[in-house]
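Read the structure below first, then the notes.
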Amino acid sequence: FHPGKRHDRLIEAYAQSGIDAPLVLLGQGKPEQEQRLRQLAQQLQVADRVLFKGFQKNPLPWIKGARMLVLSSDSEGFGNVVVEALLLDTPVASTRCPGGVTEILTGELSRGLADLNSPALAQTMQSIYHSPPAIDAAALEKFSVASICQQYRQLRSA
522 FHPGKRHDRL IEAYAQSGID APLVLLGQGK PEQEQRLRQL AQQLQVADRV LFKGFQKNPL
582 PWIKGARMLV LSSDSEGFGN VVVEALLLDT PVASTRCPGG VTEILTGELS RGLADLNSPA
642 LAQTMQSIYH SPPAIDAAAL EKFSVASICQ QYRQLRSA
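So the mapping is simple: the numbering used here equals the position in the sequence shown, first residue as 1, plus 521.
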């Protein structure tokens with residue numbers, strides 16, 4: 522649980538959203554960081570619905586079985602997990618953070634973008650949870666290995 526991933530914002534947004542499905546957190550970090558997150562969930566009276574599942578060697582079954590994936594980061598690199606979730610037909614709610622997320626969540630999927638604060642993320646989570654956008658797998662083709670390799674070849678020959 523790296524501080525830049527802002528799991529604190531996620532727990533706050535979850536508490537504000539009123540969503541009754543459990544919030545499942547995968548991953549691990551420093552014990553004191555996890556303890557702070559557990560205390561926050563307790564303070565916000567959602568500790569019984571926030572499930573800390575630790576490191577998962579293969580998180581894809583968890584992502585596939587989820588009603589949505591939520592990214593609460595201050596910044597991201599490309600956002601591989603966002604593409605993975607969409608390829609598994611799992612809708613995404615994410616902060617509109619610097620990085621590749623805004624390049625991935627375009628068109629109808631951009632409904633899943635929220636400003637960098639808990640109330641905005643809570644509202645976006647509610648919207649995506651209750652009315653998920655249609656996920657067009659063909660639109661994700663530009664992120665396939667073959668497509669990325671082709672783009673590298675074009676750069677190299679330019």
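Note that beta-carbon positions come from the ideal geometry of N, C-alpha and C, so glycine has one too.
Counting only runs of 4+ residues, the alpha helix (DSSP H) found wholly inside the stretch 552-608 occupies 552-564, 581-585, 601-608, in chain order.
In the three-state reduction of the DSSP assignment, LEU661 falls in the helix class, which pools H, G and I.
ALA542 carries a coil assignment under DSSP once its states are collapsed to helix, strand and coil. Here LEU546 has PHE573 as same chain residues with Cβ atoms under 6 Å from its own Cβ, once five neighbours each way along the sequence are excluded. Here the C-alpha atom of HIS523 lies approximately 35 Å from the C-alpha atom of ARG674.
Pairing GLY621 with ALA659, the inter-Cα distance amounts to about 18 Å. About 7 Å separates the beta carbons of ALA635 and GLN644, which is inside the 8 Å limit, making them a contact pair.
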